[in-house]
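**Q** Here's a structure for you.
Residue numbers (the UniProt record's numbering): 1 to 205.
Structure, rendered in structure tokens:
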């Protein structure tokens with residue numbers, strides 16, 4: 001059996017709960033392939049936008065294994081995007097990861113760290129004007145559910161984080177396994193990366 005990959009979720013104050021827990025739930029249903037961990041700057045608990053606090057296993061002083069790194073969005077991303085400690089850490093660990101992901105406005109963090117430059121990406125269209133100010137020469141895909149560009153996956157809105165996670169599982173282990181996970185959780189997988197049914201709602205000004 002192939003060695004398990006580590007799925008690391010970066011959390012900060014006022015992160016979006018579904019952005020973080022949606023992917024963790026999907027990857028966690030395949031413990032033979034993935035082990036999960038949460039990291040914060042100082043290893044202290046952080047509180048989500050919804051008021052739920054989570055206790056991480058790691059801090060930035062710890063070394064994370066090569067695997068999948070997930071950056072969520074949330075109200076707090078507007079502060080995290082300008083946090084030099086977070087940006088420096090992302091730049092350091094990104095080259096060591098097999099896959100880097102963002103969900104919703106978490107794309108702003110990846111963009112401001114320079115990780116999306118000269119590539120394609122998406123974000124929650126409601127916040128595109130704000131997110132797109134970061135980074136350089138990024139082709140923002142305004143109707144995508146998720147985007148796969150090199151080793152980076154970016155998802156649009158909160159629930160798209162689940163669709164993206166299933167896509168990564170399918171990419172690594174086959175669509176049959178991804179479809180089984182979707183069925184086991186009774187989740188209707190929106191598996192067309194180019195079609196976000198919610199995008200038109202946010203693009204109407």
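For each residue, glycine too, the CB sits at the ideal point set by N, CA and C.
1) In angstroms with no decimal places, state the Cα-to-Cα distance between residue 31 and residue 106.
2) From the DSSP secondary-structure annotation, give me the bridge partner or partners of residue 67.
3) Tell me which same chain residues have a C-beta within less than 8 Å of the C-beta of residue 142, skipping the five on either side of it?
4) Can you tell me whether residue 46 is helix, strand or coil according to DSSP?
5) Mark residue 112 as exposed unless 16 or more other C-beta atoms lie within 10 angstroms of its C-beta, in which case mark it buried.
6) Got a sec, what are the start and stop residues for the alpha helix (DSSP H) residue 169 sits in?
7) Kindly indicate which three-state DSSP category residue 132 falls into: helix, strand or coil?
8) Residue 33 to residue 195, Cα distance in whole Å?
9) Indicate the three-state DSSP secondary structure (helix, strand or coil) for residue 89 in the structure shown.
10) How far does the alpha helix (DSSP H) with residue 108 in it reach, from first residue to last?
11) Does residue 127 come out as helix, strand or coil in the three-state DSSP assignment?
12) At the level of alpha carbons, what is the spacing between residue 4 and residue 65?
13) For residue 52, count the other beta carbons within 10 Å of its own beta carbon; 16 or more makes it buried, fewer makes it exposed. Which is it?
14) Quick one: residues in its chain with C-beta nearer than 6 Å to the C-beta of residue 102, no 5 flanking neighbours on either side, listed in chain order?
15) Under a Cβ-count criterion, where at least 16 other Cβ atoms within 10 Å of its own Cβ denotes burial, should residue 108 be classed as buried or exposed?
16) For residue 192, collect the residues of the same chain with a Cβ closer than 7 Å to its Cβ; drop the 5 residues on either side in sequence, then sort them by chain order.
17) Less than 7 Å between the beta carbons of residue 37 and residue 8, yes or no?
18) Taking just the CA atoms, how far does residue 41 sit from residue 73?
**A** Considering the structure as presented:
1) Near 25 Å, if we compare the C-alpha coordinates of residue 106 and residue 31.
2) 6.
3) For residue 142, where only same-chain residues beyond five positions count, the Cβ hits under 8 Å are 122, 125, 128, 199, 203.
4) Residue 46 falls in the strand class under three-state DSSP.
5) So residue 112 ends up on the buried side.
6) Counting along the chain, the unbroken alpha helix (DSSP H) around residue 169 starts and ends at 160 to 173.
7) In this structure, residue 132 counts as coil in the three-state DSSP scheme.
8) The alpha-carbon atoms of residue 33 and residue 195 are separated by roughly 28 Å.
9) Residue 89: helix per DSSP, three-state reduction.
10) That run of the alpha helix (DSSP H) goes 107 to 112.
11) Three-state DSSP puts residue 127 in a helix.
12) Rounded to whole angstroms, residue 4 to residue 65 spans 10 Å at the Cα level.
13) Flag for residue 52 reads exposed.
14) If we look at residue 102 and ignore the five residues flanking it on each side, its Cβ neighbours are 71, 110, 154.
15) The residue is buried, with at least 16 neighbouring Cβ atoms inside 10 Å.
16) Excluding sequence positions up to five before and after residue 192, its CB lies within less than 7 Å of the CB of 145, all in the same chain and listed in chain order.
17) Contact: yes.
18) If you draw a straight line from the Cα of residue 73 to the Cα of residue 41, it is about 16 Å long.
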